[in-house]
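Numbering (our numbering), first residue to last: -1 to 309. Heads up, the beta-carbon is just placed ideally off N, CA and C, and yes, glycines get one too.
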């Protein structure tokens, strides 16, 4: 695992999160969720070693963060805070170029290779028309994409975002989150982002870290949501045009979560499948055979084994 938390006690003089255990690998998208004041930002600061643990350990590639220098942490983790200071008189290109700072002395000049990489990031984030636009003149959505671009230019394996969709409208939320998931899957980044909206996990995340009453519950999104129904409400999105839903026989909430799990992981026709919820198990009918699964994670692994499905 690329990021691992082992029996960590997280807080300041007082413990906010006790005996936390969780792990993420490259390519994972994870939502960090919980009410205000439960310790989400403190956890992020602990991963960055801005805030020392009260017990336990946090590891990056099997190295304890407390043993890493500030430069080494910056090389491993890029951070985007929701209340970032907007540099005056900086353009989009200027901001994204700042991500290269960790590799150079205070005064530096970008190499041609650096400039090409910055241009590629600007293009991938659909910011070419704003390349020379001052940050203060950008919309909230494009400004957030520019800060994400700065994080990308660090070439860090881990990107952590603190409330990246705060104050964004639904359209820009969708753009930002689809961009983050694409980065994780296509560039093998580990994405950890915090939010108050569980729907974002259901539609875009693979894992969830849910902080409640001093404990952190972690696992695949659908399994954690199934155990904590206080988080959920009914809503269905369609994000892949090529996805064709299977037949699902289940209660509304279970049906919704299975639908979301499948459509965010498979851009394929799944109409040959029939999923049936019976007590604590899912019965999966496909052509002439039947298979049983006890969790959403097992369902994903099983569907991936069907030879013509390529997630």
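Beta-carbon proximity list for residue i, same chain, < 8 Å, skipping 5 on both sides
{"i": "residue 226", "result": "208, 210 and 215"}
{"i": "residue 43", "result": "49"}
{"i": "residue 152", "result": "72, 73, 76, 97, 98 and 100"}
{"i": "residue 143", "result": "123, 124, 125, 173, 174 and 177"}
{"i": "residue 109", "result": "none"}
{"i": "residue 40", "result": "8, 9, 10, 14, 15 and 49"}
{"i": "residue 316", "result": "Lying before the first or after the last residue shown, residue 316 is absent from the chain, which here runs from -1 to 309."}
Buried or exposed by the 16-neighbour rule on C-beta atoms within 10 Å, applied to residue i
{"i": "residue 107", "result": "exposed"}
{"i": "residue 176", "result": "exposed"}
{"i": "residue 15", "result": "buried"}
{"i": "residue 64", "result": "exposed"}
{"i": "residue 10", "result": "exposed"}
{"i": "residue 86", "result": "exposed"}
{"i": "residue 233", "result": "For residue 233, the pLDDT reaches just 46, beneath the cut-off of 50, and the residue's location in the model is therefore unreliable, leaving the point undetermined."}
{"i": "residue 310", "result": "Any answer about residue 310 is impossible in this case: the structure gives the chain only from -1 up to 309."}
{"i": "residue 255", "result": "buried"}
{"i": "residue 118", "result": "exposed"}
{"i": "residue 163", "result": "buried"}
{"i": "residue 140", "result": "buried"}
{"i": "residue 12", "result": "exposed"}
{"i": "residue 201", "result": "buried"}
{"i": "residue 115", "result": "buried"}
{"i": "residue 270", "result": "exposed"}
{"i": "residue 3", "result": "buried"}
{"i": "residue 160", "result": "buried"}
{"i": "residue 220", "result": "buried"}
{"i": "residue 69", "result": "exposed"}
{"i": "residue 169", "result": "exposed"}
Opposing strand residues paired with residue i [DSSP bridges]
{"i": "residue 289", "result": "282"}
{"i": "residue 61", "result": "58"}
{"i": "residue 2", "result": "21 and 57"}
{"i": "residue 9", "result": "13"}
{"i": "residue 136", "result": "Residue 136 is not bridged to any residue."}
{"i": "residue 207", "result": "30 and 216"}
{"i": "residue 267", "result": "242"}
Own chain partners of residue i with C-beta closer than 6 Å, once the 5 adjacent residues on each side are dropped
{"i": "residue 149", "result": "76, 78 and 157"}
{"i": "residue 248", "result": "275"}
{"i": "residue 181", "result": "187"}
Where the beta strand (DSSP E) through residue i begins and ends
{"i": "residue 273", "result": "271 to 276"}
{"i": "residue 157", "result": "156 to 159"}
{"i": "residue 214", "result": "213 to 218"}
{"i": "residue 40", "result": "No beta strand (DSSP E) holds residue 40; the alpha helix (DSSP H) holding it covers 38 to 45."}
{"i": "residue 189", "result": "188 to 193"}
Own chain residues within Cβ distance below 7 Å of residue i, not counting five before or after
{"i": "residue 165", "result": "138"}
{"i": "residue 289", "result": "282 and 300"}
{"i": "residue 120", "result": "90, 91, 94, 126, 129 and 147"}
{"i": "residue 246", "result": "253, 256, 257 and 273"}
{"i": "residue 278", "result": "292"}
{"i": "residue 55", "result": "4, 6 and 62"}
{"i": "residue 32", "result": "38, 208, 209 and 210"}
{"i": "residue 80", "result": "160, 161, 162 and 164"}
{"i": "residue 59", "result": "0"}
{"i": "residue 134", "result": "84"}
Closer than 7 Å: residue i CB and nearest the ligand NAP heavy atom
{"i": "residue 129", "result": "Questions concerning the ligand NAP fall outside what the structure shown contains, since it holds no ligand whatsoever."}
Residue interval of the alpha helix (DSSP H) (run including residue i)
{"i": "residue 72", "result": "68 to 74"}
{"i": "residue 80", "result": "Note, residue 80: premise wrong, no alpha helix (DSSP H); not H, not E."}
{"i": "residue 303", "result": "294 to 303"}
{"i": "residue 177", "result": "168 to 185"}
{"i": "residue 245", "result": "Premise fails: residue 245 lies in the beta strand (DSSP E), 245 to 247, not in any alpha helix (DSSP H)."}
{"i": "residue 51", "result": "Premise fails: residue 51 is in no alpha helix (DSSP H) and is neither H nor E."}
{"i": "residue 88", "result": "Counting along the chain, residue 88 falls outside any alpha helix (DSSP H), and DSSP gives it neither H nor E."}
{"i": "residue 257", "result": "250 to 263"}
{"i": "residue 242", "result": "Premise fails: residue 242 is in no alpha helix (DSSP H) and is neither H nor E."}
{"i": "residue 197", "result": "196 to 202"}
{"i": "residue 107", "result": "It is not in any alpha helix (DSSP H) - residue 107 carries neither H nor E in the DSSP assignment."}
Residue-chain proximity (residue i, chain B), Cβ-Cβ < 8 Å
{"i": "residue 33", "result": "Judged by its chain identifiers, the structure shown contains no chain B, having just a single protein chain."}
*Quick check: the segment 14 to 29 against the segment 191 to 201, are there 3 or more CB pairs under 8 Å?*
yes
*Stretch-stretch touch, CB-based, cutoff 8 Å, three pairs: the segment 168 to 182 with the segment 93 to 100*: With a cut-off of 8 Å, the segment 93 to 100 and the segment 168 to 182 do not count as touching, because too few Cβ pairs lie within range.
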